[in-house]
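A short write-up of the structure that comes next.
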Amino acid sequence: MVKIALDPTPFHSTHSLLEFPALAADLGYKYLQMTPHPDLIPFFNHPKGDDDLVKQLKKAVKDAGIQIASTLPVLRWSGPDEDVREAAVRYWKRVIQITADLGVDTIGTEFNGRPERAEESERAFYRSMEELVPIIEKEGIKVFIDPHPDDFVENGLAAWRVIRGINSKNFGMVYVASHTFHMGNQPAKILEVAKGRVGIVHMSDTMDHTASHGLRYITNPPGNAVRVHQHLRIGAGDVNFDEMFQGLKANGFLDNPNSIMCSSVFAENENAREMSIYQREAIEKLIAKHQ
Numbered sequence: 038m039v040k041i042a043l044d045p046t047p048f049h050s051t052h053s054l055l056e057f058p059a060l061a062a063d064l065g066y067k068y069l070q071m072t073p074h075p076d077l078i079p080f081f082n083h084p085k086g087d088d089d090l091v092k093q094l095k096k097a098v099k100d101a102g103i104q105i106a107s108t109l110p111v112l113r114w115s116g117p118d119e120d121v122r123e124a125a126v127r128y129w130k131r132v133i134q135i136t137a138d139l140g141v142d143t144i145g146t147e148f149n150g151r152p153e154r155a156e157e158s159e160r161a162f163y164r165s166m167e168e169l170v171p172i173i174e175k176e177g178i179k180v181f182i183d184p185h186p187d188d189f190v191e192n193g194l195a196a197w198r199v200i201r202g203i204n205s206k207n208f209g210m211v212y213v214a215s216h217t218f219h220m221g222n223q224p225a226k227i228l229e230v231a232k233g234r235v236g237i238v239h240m241s242d243t244m245d246h247t248a249s250h251g252l253r254y255i256t257n258p259p260g261n262a263v264r265v266h267q268h269l270r271i272g273a274g275d276v277n278f279d280e281m282f283q284g285l286k287a288n289g290f291l292d293n294p295n296s297i298m299c300s301s302v303f304a305e306n307e308n309a310r311e312m313s314i315y316q317r318e319a320i321e322k323l324i325a326k327h328q
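When we follow the working numbering, the leftmost residue of the sequence shown carries the number 38, and every step to the right adds one.
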């Protein structure tokens, strides 16, 4: 059975870090994805959790009767500015240690370079890999990477080529449903070429910003360098989940007990509890339908 995990981001303003495990269990989840949090692994900066906090979190997880499926750092390891990249590599080393100390063997992340400096960002990414791949392989950790909108690589097929170029079986791809249209609206093809190497899927919906001749969303002035995407509840947008799940079944994701499927909705904090339960039930129904 695929691991169905909760992204606790919608609850950051109402719950503390150590309350997340019990919250996840209360909402019917058996797994938690530890996304960026100011007390543990914040966005872009050095991890703030010390060994004592990591032990407390590990105990809270055990007491709640759930597990942490993955950690999710967002650090600028593809930053085209060398000082930024070097700092991100240092932060990554601490993230790897925290992940291992939590008893977790999976990390989801992003490329985190810049689209206007794509060539420099790719060089920076592979430079970081030279230092981090041996550490990640030694720890036995799997790292899955999401081609996020506004990154140096956004197209899904191009992202897989970059990941494949690392030449390590410890690396694979995160497929984010609400990034479908930025990745080229080709889920079947992406999931086919990355067969066996998609380890995490983020479940959320979005409207198709390319529809209506690109006028589904209008920004002023026209041509702004913006990326419009949403993380809506399943069924609230244009993503074809049946097509996506057919691809996930064909590439073996749905039959792999180590696969992680994470609820990743950020648009309904005002009813986060109801939304989280809805998401879990919707994911369970989609898995059952396509299993």
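All C-beta atoms in this analysis are idealised placements derived from N, C-alpha and C, irrespective of residue type, glycine included. Source: prediction; values computed, not measured.
Legend entry - Beta-carbon spacing of Leu54, Leu112 below 8 Å: For the purposes of this step, residue 54 is taken as residue 17 along the sequence shown, with counting starting at 1. For the purposes of this step, residue 112 is taken as residue 75 along the sequence shown, with counting starting at 1. Remark: C-beta atoms of Leu54 and Leu112 do not approach each other more closely than 8 Å.
Inset, instruction - Just confirm the distance between the C-beta atoms of Ile173 and Ile200, as a whole number of angstroms; I'd bet it's less than 8 Å. - result: Within the sequence shown, the letter at position 136 stands for residue 173. Within the sequence shown, the letter at position 163 stands for residue 200. In fact, because the Cβ distance is near 13 Å, the residues do not count as touching under 8 Å.
Legend entry - Beta-carbon spacing of His266, Thr247 below 8 Å: Along the sequence shown, one-based indexing puts residue 266 at 229. Along the sequence shown, one-based indexing puts residue 247 at 210. Not closer than 8 Å, so no.
Legend entry - Candidates Leu169, Asn295, Ile271, Ile144: closest to Ile203 by CA position: Position 166 of the sequence shown holds residue 203. Closest option to Ile203, Cα to Cα, is Leu169.
Legend entry - Endpoints, the alpha helix (DSSP H) within which Thr136 is located: Residue mapping note: residue 136 aligns to position 99 of the sequence shown, counting from 1. Segment 119-138, the alpha helix (DSSP H) holding Thr136.
Inset, instruction - Indicate the three-state DSSP secondary structure (helix, strand or coil) for Arg38 in the structure shown. - result: What you label residue 38 is simply residue 1 of the sequence shown in a count that begins at 1. As written in the sequence, residue 38 is Met, which differs from the Arg given in the question. When DSSP states are grouped into helix, strand and coil, Met38 belongs to the coil group.
Inset, instruction - Check the DSSP bridge columns for Leu194 and list the partner residues they point to. - result: Residue mapping note: residue 194 aligns to position 157 of the sequence shown, counting from 1. None, per the DSSP bridge assignment.
Inset, instruction - Spell out the partners DSSP gives Ile297 in its beta bridges. - result: The count along the sequence shown starts at 1 and reaches residue 297 at position 260. Ile297 pairs with Lys40, Ile237.
Legend entry - For Glu147, three-class secondary structure by DSSP: The residue labelled residue 147 in the question sits at position 110 within the sequence shown. Glu147 falls in the strand class under three-state DSSP.
Legend entry - Secondary structure of Gly251, DSSP reduced to three states: As a first step, residue 251 must be located in the sequence shown, where it is residue number 214. It is helical.
Legend entry - Rounded separation between Asn82 and Asp118 - CA only: Position 45 of the sequence shown, counting from 1, holds the residue named residue 82. Position 81 of the sequence shown, counting from 1, holds the residue named residue 118. C-alpha separation (whole angstroms): 15 Å.
Legend entry - CA nearest to the CA of Val213, picked from Pro45, Thr46, Ile297: Reading the sequence shown from its first residue, position 176 is the one you call residue 213. Distances from the CA of Val213 to each of Pro45, Thr46, Ile297 were compared; the closest alpha carbon is that of Ile297.
Inset, instruction - With a 10 Å radius around its C-beta and 16 neighbouring C-beta atoms as the bar for buried, classify Asp44 as buried or exposed. - result: Taking the sequence shown and counting its residues from 1, the one referred to as residue 44 is at position 7. Around the beta-carbon of Asp44, 16 or more other beta-carbon atoms lie within 10 Å, marking it buried.
Legend entry - Secondary structure of Phe81, DSSP reduced to three states: Within the sequence shown, numbered from 1, the residue matching residue 81 stands at position 44. Coil, per DSSP.
Inset, instruction - Just grab the DSSP bridge partners of Met210 for me. - result: Counted from its first residue, the sequence shown places residue 210 at position 173. In the DSSP output, where bridge partners are listed per residue, Met210 has Ile182, Val235.
Inset, instruction - Give the secondary structure of Leu69 by DSSP, where H, G and I count as helix, E and B as strand, and everything else as coil. - result: Counting from 1 along the sequence shown, the entry for residue 69 is found at position 32. Three-state result, Leu69: strand.
Legend entry - Span separating the alpha-carbon of Gln134 from that of Asn222: Residue 134 sits at position 97 when you count from the first residue of the sequence shown. Residue 222 sits at position 185 when you count from the first residue of the sequence shown. In a straight line, the C-alpha of Gln134 is about 36 Å away from that of Asn222.
Inset, instruction - Counting only the same chain and skipping the five closest in sequence on each side, list residues whose C-beta sits under 7 Å from that of Lys286. - result: Against the sequence shown, residue 286 aligns to sequence position 249. Once the five neighbours on either side are set aside, the close Cβ partners of Lys286 are His327.
Inset, instruction - Using a threshold of 8 Å, state whether the C-beta atoms of Ile103 and Leu69 are closer than that. - result: Residue mapping note: residue 103 aligns to position 66 of the sequence shown, counting from 1. Residue mapping note: residue 69 aligns to position 32 of the sequence shown, counting from 1. A contact, by the Cβ cut-off of 8 Å.
Inset, instruction - Spatial neighbours of Ala101 within its chain, please: CB distance less than 6 Å, with the 5 preceding and 5 following residues excluded, ordered by chain position. - result: By one-based count along the sequence shown, residue 101 stands at place 64. Within the same chain, Ala101 has close Cβ partners Pro58, Ala59, Ala62.
Legend entry - Residue nearest to Asn295 in terms of C-alpha spacing, selected from Lys85, Thr143, His52: Indexing the sequence shown from 1 puts residue 295 at position 258. Of the candidates Lys85, Thr143, His52, the one whose C-alpha sits nearest the C-alpha of Asn295 is Thr143.
Inset, instruction - Tell me whether Leu112 sits in a helix, a strand or coil according to DSSP, three-state version. - result: Sequence index remark: in the sequence shown, residue 112 carries index 75 (1-based). Of the three classes helix, strand and coil, the one that applies to Leu112 here is coil, per DSSP.
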